[in-house]
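Step one of this worksheet: look at the structure below.
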Amino acid sequence: MSHFHRNLDRRHFLYALGAGGSAVVAFSCGDQERARAITERALTTDLGGVSWDKAPCRFCGTGCGVEVGVREGRVVAVRGDQAAPVNRGLLCVKGYHLPGFLYGEDRLRHPQRRRADGTLERIGWDEALDLVATEFGRTLDELGPDAVGMYGSGQWTVFDGYAALKWVKGGMRSNNLDPNARLCMASAVMGFMTQFQSDEPMGCYDDFEAADDFVLWGNNMAEMHPVLFSRILETKQRKPGTRLIDLGTRRTPTTDYADLYVEFRPGSDLALANGILHLLVRSGRIDRSFIAENVVFRRGIEDLDEIGFGCYGEQAERYTFQDTASVASFEEFAGFLEPYTPQRVGEISGVDPATIERLADVYGDLRRGTVSLWCMGVNQHTRGTWMNNLLNDLHLVTGKISRPGANPWSLTGQPSACGTAREVGTLSNRLPADMVVTNPEHRAKAEEIWGLEPGTINPKPGLHTVDLFRAFQRGEVRSLWIQTTNPWVSLPNLNRWRRQPGDGRFLVVSDIYPTPTTEVADLILPSAAWVEREGVFGNSERRTQQWHKMVEPPGEAMEDAQQIIEVARRMGMAHLFPWPDGENWHEPMFEEYRRFTLGIGKDLASYRQLQEARGLRWPVVDGRETRYRYAAGEDPYVTKREGVHFYKAKGYEQKAAVWLRPYHPPAEEPDEQYPFWLCTGRVLEHWHTGSMTRRVRELHQAVPAAYVEMNPADMTELGVQEGQPVRLRSRRGELVLPARSDAKGHAPRGSLFVPFFDESKLVNLLTLDAMDNISKEPDYKKCAVAVERA
Amino acid sequence: MPTMRRDRSAERRPRSSTSAIDRAATAPVAIAAVWLVLAAVGCVPTQRGRGPHWGDAASVEATNDEVRRERRAYRGAPPVIPHGEHPSPCTACHAGQAVVVAGVGIAPANPHGVVDASSSAAPALSLHQEISGRTRDCRQCHVPRVVESTFVASEFAGLRSPSQRGSRQHPLAPPRIPHPSWMRENCLACHAGPAARPEIATSHPERVVCRQCHVPVDRVLAAERLDTWPGRGAEIAP
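Now the structure itself:
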């Protein structure tokens, strides 16, 4: 009855028969097989069986492979894909409970328009899409391309991001397109771009088995990247002597496994990294030949008076600061580091000088492979680009880069922050494959691939996220479309963004559930999610992963890319999406996008290849993926026999730049009036603003609400018991939360932690909108608050 | 208000009640036992109807399936933790063998960890072994229920676990394994000892090499790995 795999031997055949089931195994070499597989899948469904297909997990940037079990048109189970190289069959609790997020009772199923009285009315797709096209068209006519905008997501598939990029930059001739990834890893982008002139890590997850030492910089991997953390723990078990060093501002579940925990004062990681560099240079524990061959030195603007924090209302010249590089030398670098003695760094950071020496011993032992890992602690930092630079510096001066088990490792928090935001380039200054709108050659290349008239693409960079919302608030951006993200929970200093619909501006929100963001929308569009549509994500290790549509979306929900295409067609921009209506445009769209990446070291695999593989790490040349970029014998673009070649850094004679970056204090520090540090973040059970994970029964029941993590001594002093409510006040807002001393992590005295997943307890009412002025990424990790009994 | 907080009163109680421990009376187990007693009388915030399964003999068989399903989102999902948090490491009670806490309940053994070299899953197993050896990382996959409520009702209907026994080729043949053994390598955790449901308890727990005679039905474990997609095909209908 079934088409059996040719390798299915008699024994297995008997197993299958014995169970009275319908074992179906098909394998694909093209459409015919695929069609047959789908037919057979349907057949098994009829017989009550479950059909399985591959997909990456929907949540974090790890990119675990899952097998999705579908029966009768609904996802009924998932299991960890044992053949997926990322996770080898293991998932975390969010991954195991993935299917639940599709089936919340309040899924958005139909387009809805807000009436003048604030209530919502259901409308048809045609009317909804016409409305978007008309509003955006009218704004373009009346106010020009600076007055329209789109705010996207690192959870967008490659297709969604690419469609948005083409529509905004190639169609509307605006650059007001930015993703929520701006709030997440923009500092890492600027770190890589300023040093290697090519974005994304050189290492890959194979580092987790190859390294001798793992140094975590403000990175709670046990909760944020649990499956990768399991790989580290496995390595620790398998290779005795493997060390895990946890540097942070609070104890977390990760700390339980650390061989050394180093607690530093918030923001002083800049001093700590310089302190380690100081000791390495002073004692000569650096790789001089590597430096001579592969490294140049650069210095930026360091004057605090010139560099502000971009806070609301801050004077414009400090806010619009542009960093400029000047050439430096090794001697200048050594001189710059001189003041960062263990004693002085100890005073700034609160870290014992002997411990700083121990950290230098880790990096300075050139025989051992060191991997530095970081995520939001370093990126959401008022000097996040600098901090990224310093961590890359540590690896460049020791030569611990681009080889197995020795790399700086920037992790991402969203499933396609790399694949969509960074590679497709949905940032306000970007085009695909690291190109920028300010470069005439880059614009010309995009215009050529897109078949547009020369000069179509606007050379003026658009507004980055915080500026985009500020401009929307002021009415300078009149029409804004938000997809797959929830800024009215996730933006800092939320009180700034309050709005009443019907104020003359037009806000469209595409999502899968009602959120605080849809509450302020004029038009709500229902989106298809995850395996309800075809997609591609790119994970933290440059792995591009494809999946097929497996179930129908609920109601009239439509995938984000299709929504954009439909609007573009109504605006007379059908030429941007020339694929025939009703046909599957995913493959031709991907192959068009892929042209941007070929031949420049960012080569993506073909769509056919991606359909077959459990993801491939770019550059993929001649069908082969690359584990270590810039490394001889690994990266096909390196022609040297051995060593490394930073071939992308044309501006630095194809070398990497070590930047001299000083310590700056945070934008706001505790004082008498607001004596506590406030750090925000996540918990294992929830993902981002919780719009998905809170609708999963098991996850909600495990961690139903936000709380404030507080030191027991501070609680005693305040006279509050475990679980009693306290009021947190900052200069910007206030919030009442139950106090907890034993929830997940352990806050040091004078320090608080609040997770941000809970839309009924918006911690971003308190946070400061201070930004890294190079990456424009806000700092959610440091502001000052007061605490009182509520 | 979330009820996640643990009740420290359990820790402050004298440990005289260690006599209640039937077996392996280690200090952590003692603390856990006291905690479980308190949980049973409602002194700590466990959930109504979700406390440890006491094993009421008359209704065991009827409710076992129901209880089992109630703790899993779908067939193959990691079970939730059916009791509140307590101070001991998970492995103090959930070790290699099930522990009976007299008058309180049974702490089932940890099913993860006995690596059968013949299993195709062996290379990845050490991942989970490491995890199961530590307390906090049990929480990577298993979470407690601290509230009954849901944020929004869900229409998710997970794949149900079949109430079936392993089929036999002929009446005298050993039954085959009707479920995947991935992360359930320690067969005896469920099939022997006090935590074993009577209907699946083995008559011969002393023969520890289960897969010498019992072979899995699940094709993912039985068949060779398929390296291309689509290709995993369908699982055998339950």
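Here the protein sequences come in this chain order: A and B.
Going by this note's numbering, 9 is the number at position 9 of the first sequence; the sequence numbering is gapless.
The number in this note's numbering is simply the position in the second sequence, starting from 1, with 790 added.
Ideal Cβ placement from N, Cα and C applies to all residues, glycine included.
| Query | Result |
| --- | --- |
| Suppose you measure from the CA of Pro554 (chain A) to the CA of Arg109 (chain A); what does that come to, to the nearest Å? | 6 Å |
| List the whole-angstrom C-beta distance separating Tyr663 (chain A) from Leu270 (chain A), where the pair is believed to meet the contact cut-off of C-beta under 8 Å. | 4 Å |
| 7 Å is my cut-off, CB to CB: does Val688 (chain A) come that close to chain B? | A small fix is needed here, since residue 688 (chain A) is His in this sequence, not Val. No, His688 (chain A) does not count as interfacial toward chain B. |
| Should Pro755 (chain A) be flagged as near chain B, meaning a C-beta pair shorter than 7 Å? | no |
| Return the Cβ separation of Arg543 (chain A) and Leu616 (chain A) in integer angstroms, given the expectation that the two are a contact with Cβ distance under 8 Å. | 7 Å |
| Taking Val489 (chain A) as the reference, give the member of A:Pro514, A:Asn584 and A:Trp481 with the closest Cα. | A:Pro514 |
| Quick check on Asp635 (chain A): does DSSP put it in helix, strand or coil? | coil |
| For Pro619 (chain A) and Val785 (chain A), I'd like the C-alpha separation in whole angstroms. | 46 Å |
| Using a C-beta cutoff of 7 Å, does Leu962 (chain B) count as contacting chain A? | no |
| Three or more C-beta pairs under 8 Å: does that hold for the stretch 228–245 of chain A against the stretch 205–218 of chain A? | yes |
| List the DSSP bridge partners of Trp374 (chain A). | A:Trp217 and A:Ser410 |
| DSSP state of Glu331 (chain A), grouped into three classes? | helix |
| Given Pro965 (chain B), which residues of its chain have a CB within under 8 Å of its CB, disregarding the five upstream and five downstream residues? | Arg955, Gly956, Ser957, Arg958 and His1004 |
| Within 10 Å of its beta-carbon, does His548 (chain A) have 16 or more other beta-carbons around it, so buried, or fewer, so exposed? | buried |
| Put Pro778 (chain A) into one of helix, strand or coil per three-state DSSP. | strand |
| If you check the beta carbons only, do Leu660 (chain A) and Phe336 (chain A) fall under 7 Å apart? | yes |
| Residue range of the alpha helix (DSSP H) that Thr385 (chain A) falls in? | Gly384 to Val397 |
| Between the stretch 926–941 of chain B and chain A, which residues of the former have CB atoms less than 9 Å from a CB of the latter, in chain order? | Arg926, Asp927, Arg929, Gln930, Cys931, His932, Val933, Pro934, Arg935, Val936, Val937, Glu938, Ser939, Thr940 and Phe941 |
| Within 10 angstroms of its Cβ, does Lys776 (chain A) collect 16 or more other Cβ (buried), or is it exposed? | buried |
| Using 10 angstroms around the beta-carbon of Asp503 (chain A), count the other beta-carbons present and answer buried if the total reaches 16, otherwise exposed. | exposed |
| Just to confirm my understanding: we take Ala528 (chain A), look at its own chain, exclude 5 residues before and 5 after, and list those with CB closer than 7 Å. What are they? | Pro553, Ala557, Met558 and Glu559 |
| Between which two residues does the alpha helix (DSSP H) carrying Pro487 (chain A) extend? | Pro487 to Ser490 |
| In the DSSP assignment, the beta strand (DSSP E) including Ser51 (chain A) goes from what residue to what residue? | Val50 to Pro56 |
| Look up Trp156 (chain A) in the DSSP assignment and say whether it is helix, strand or coil. | coil |
| If contact means a Cβ-Cβ distance below 8 Å, which residues of the stretch 857–868 of chain B contact chain A? | Ala863, Tyr864, Arg865, Gly866, Ala867 and Pro868 |
| Any Cβ of chain A within less than 7 Å of the Cβ of Ala943 (chain B)? | yes |
| Which word fits Thr767 (chain A), buried or exposed, when buried means at least 16 other C-beta atoms lie within 10 angstroms of its C-beta? | buried |
| For Arg926 (chain B), count the other beta carbons within 10 Å of its own beta carbon; 16 or more makes it buried, fewer makes it exposed. Which is it? | Model confidence at Arg926 (chain B) stands at a pLDDT of 43, short of 50, so the residue's coordinates are unreliable and nothing is read from them. |
| Considering Ser939 (chain B), what are the terminal residues of the beta strand (DSSP E) in which it resides? | It is not in any beta strand (DSSP E) - Ser939 (chain B) carries neither H nor E in the DSSP assignment. |
| Give the straight-line distance between the Cα atoms of Val683 (chain A) and Ile291 (chain A), rounded to the nearest whole angstrom. | 40 Å |
| For a test of the three-state rule: what should DSSP assign to Arg113 (chain A), helix, strand or coil? | strand |
| Would Asn388 (chain A) and Gly61 (chain A) qualify as a contact pair, given that the criterion is a beta-carbon distance under 7 Å? | no |
| Could you tell me the alpha carbon to alpha carbon distance between Thr639 (chain A) and Arg243 (chain A), rounded to whole angstroms? | 34 Å |
| Does DSSP put Cys184 (chain A) in a helix, in a strand, or in coil? | coil |
| Would you kindly work out how many angstroms separate the C-alpha atoms of Gly475 (chain A) and Asp467 (chain A), rounded to a whole number? | 12 Å |
| I'd like to confirm the pairing. Which residues does DSSP put opposite Phe537 (chain A) in its beta bridges? | A:Gln545 |
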